[in-house]
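Protein chains in written order, with the working numbering: chain A, 1 to 113; chain B, 114 to 226.
Here a beta-carbon is modelled for each residue, glycine too, at the ideal position from N, C-alpha and C.
Here's the structure we're looking at; comments come further down.
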Amino acid sequence: AQSVAQPEDQVNVAEGNPLTVKCTYSVSGNPYLFWYVQYPNRGLQFLLKYITGDNLVKGSYGFEAEFNKSQTSFHLKKPSALVSDSALYFCAVRAYNNNDMRFGAGTRLTVKP
Amino acid sequence: SQTIHQWPATLVQPVGSPLSLECTVEGTSNPNLYWYRQAAGRGLQLLFYSVGIGQISSEVPQNLSASRPQDRQFILSSKKLLLSDSGFYLCAWRETGAGYGYTFGSGTRLTVV
């Protein structure tokens with residue numbers, strides 16, 4: 001069975017500083033990895049995904065994530081945070097041969113001006 | 114292009130009343146469909162998923178049920194709501210096949226009083 005861990009409930013950064021939101025996963029076989037963002041009282045919005053190929057994937061709003069197979073991690077990063085990036089971020093994993101996706105518990109990102 | 118519609122956006126229902134939340138997808142055929150519940154603005158709990166008409170898999174036994182009467186329609190129901198059913202309900206769909214992530218609806222905020 002697959003699972004995802006987001007070790008930080010809360011991440012606080014200053015505007016303009018780089019940000020990292022951590023994610024580790026467990027899955028049998030090759031993983032499909034995803035990041036989603038959720039604003040208050042809204043559905044989750046897709047940010048980026050890793051399926052295969054280059055370990056560094058780029059997504060929406062200047063976010064990127066690096067797939068590290070040896071560390072089973074898929075951390076979300078952005079070089080320069082904006083106040084508008086403040087939201088709840090979810091990492092998710094799906095095994096290549098499985099129909100459902102498992103989500104982490106979410107990390108609340110707060111970017112302070 | 115594909116779109117997902119979920120309604121209503123908010124709902125206040127008394128304990129013991131019935132529930133019906135509807136989700137429809139446009140622009141695709143034979144999608145995988147999912148119902149999630151999110152409590153207190155954090156983690157997502159998978160409630161039901163469906164890979165085809167009339168095919169429902171339940172992840173968590175409770176007083177909720179789901180049905181898929183048409184290919185692109187997914188309904189979440191309850192005969193008698195409990196206070197503990199309050200939460201944010203999210204519908205999602207995915208293309209069948211490898212490499213696809215989920216697209217989420219805008220969510221329904223259910224408050225049972």
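Inset, instruction - Drop a sphere of 10 angstroms on the beta-carbon of V128 of chain B, count the other beta-carbons inside from all chains shown, and report buried for 16 or more, exposed for fewer. - result: Position 15 of the second sequence, counted from the start, is the residue given in the question as residue 128 of chain B. Result: exposed.
Inset, instruction - Kindly say whether L44 of chain A, judged by its beta-carbon, lies nearer than 7 angstroms to any beta-carbon of chain B. - result: Position 44 of the first sequence, counted from the start, is the residue given in the question as residue 44 of chain A. Cβ-Cβ to chain B under 7 angstroms: yes for L44 of chain A.
Legend entry - DSSP beta-bridge partners of V57 of chain A: Along the first sequence, one-based indexing puts residue 57 of chain A at 57. In the DSSP output, where bridge partners are listed per residue, V57 of chain A has A:A65.
Inset, instruction - Taking 7 angstroms as the cut-off, decide whether the C-beta atoms of T67 of chain A and K49 of chain A are in contact. - result: Within the first sequence, residue 67 of chain A is the residue found at index 67, counting from 1. Within the first sequence, residue 49 of chain A is the residue found at index 49, counting from 1. First, the residue type needs correcting, since residue 67 of chain A is Phe and not Thr in the sequence shown. Going by C-beta atoms, F67 of chain A is not nearer than 7 angstroms to K49 of chain A.
Legend entry - Start and end residues, beta strand (DSSP E) containing L132 of chain B: Translated into the one-based positions of the second sequence, residue 132 of chain B becomes position 19. Unbroken beta strand (DSSP E) run through L132 of chain B: 132–139.
Inset, instruction - Taking G156 of chain B as the query, report the chain A residues whose CB atoms sit under 8 angstroms from its CB, ordered along the chain. - result: In the second sequence, counting from the first residue as 1, residue 156 of chain B sits at position 43. F103, G104, A105, G106, listed in chain order.
Inset, instruction - Specify, as a first and last residue, the run of the beta strand (DSSP E) that N176 of chain B falls within. - result: Taking the first residue of the second sequence as 1, we reach residue 176 of chain B at position 63. Neither: N176 of chain B is in no beta strand (DSSP E) and is coded neither H nor E.
Legend entry - Cβ-based burial, S60 of chain A [other Cβ within 10 Å; buried from 16]: Mapped onto the first sequence, residue 60 of chain A falls at position 60. Exposed is the call here.
Legend entry - Chain-ordered neighbours of K49 of chain A on chain C, where CB pairs are closer than 7 angstroms: Here the protein chains are A and B, and chain C is not one of them.
Inset, instruction - Look at the Cβ atom of V4 of chain A, then the Cβ atom of Y25 of chain A, and state whether they are nearer than 7 angstroms. - result: As a working note, residue 4 of chain A is residue 4 in the first sequence. As a working note, residue 25 of chain A is residue 25 in the first sequence. One thing to note: V4 of chain A has its Cβ within 7 angstroms of the Cβ of Y25 of chain A.
Legend entry - Under the three-state DSSP convention, the category V83 of chain A falls into: Here the question's residue 83 of chain A lines up with position 83 in the first sequence. Reduced to three states, the DSSP call for V83 of chain A is helix.
Legend entry - Below-7 angstroms beta-carbon distance, S219 of chain B vs any chain A residue: As a working note, residue 219 of chain B is residue 106 in the second sequence. S219 of chain B counts as touching chain A.
Legend entry - For Y213 of chain B, the nearest candidate out of A:G104, A:L56, A:T110, A:L47 (CA to CA): Position 100 of the second sequence holds residue 213 of chain B. Closest in C-alpha terms to Y213 of chain B, from the list A:G104, A:L56, A:T110, A:L47, comes A:L47.
Inset, instruction - Return the Cβ separation of G29 of chain A and A95 of chain A in integer angstroms, given the expectation that the two are a contact with Cβ distance under 8 angstroms. - result: For the purposes of this step, residue 29 of chain A is taken as residue 29 along the first sequence, with counting starting at 1. For the purposes of this step, residue 95 of chain A is taken as residue 95 along the first sequence, with counting starting at 1. Yes, they are in contact, since the Cβ atoms of G29 of chain A and A95 of chain A sit about 6 angstroms apart, within 8 angstroms.
Inset, instruction - Report yes or no: is there a C-beta of chain B within less than 7 angstroms of the C-beta of F67 of chain A? - result: Numbered from its first residue, the first sequence carries residue 67 of chain A at position 67. With 7 angstroms as the cut-off, F67 of chain A does not count as an interface residue toward chain B.
Legend entry - Alpha-carbon to alpha-carbon, Y162 of chain B and L195 of chain B: Here residue 195 of chain B refers to the residue found at position 82 of the second sequence. Here residue 162 of chain B refers to the residue found at position 49 of the second sequence. Spanning the two alpha carbons is a distance of roughly 22 angstroms.
Legend entry - Cα-Cα separation, F63 of chain A to A92 of chain A: Within the first sequence, numbered from 1, the residue matching residue 63 of chain A stands at position 63. Within the first sequence, numbered from 1, the residue matching residue 92 of chain A stands at position 92. In a straight line, the C-alpha of F63 of chain A is about 16 angstroms away from that of A92 of chain A.
Inset, instruction - Kindly confirm or deny that the segment 217–224 of chain B and the segment 164–176 of chain B touch, where touching means at least three C-beta pairs closer than 8 angstroms. - result: Contact between the segment 217–224 of chain B and the segment 164–176 of chain B is absent, because fewer than three Cβ pairs lie under 8 angstroms.
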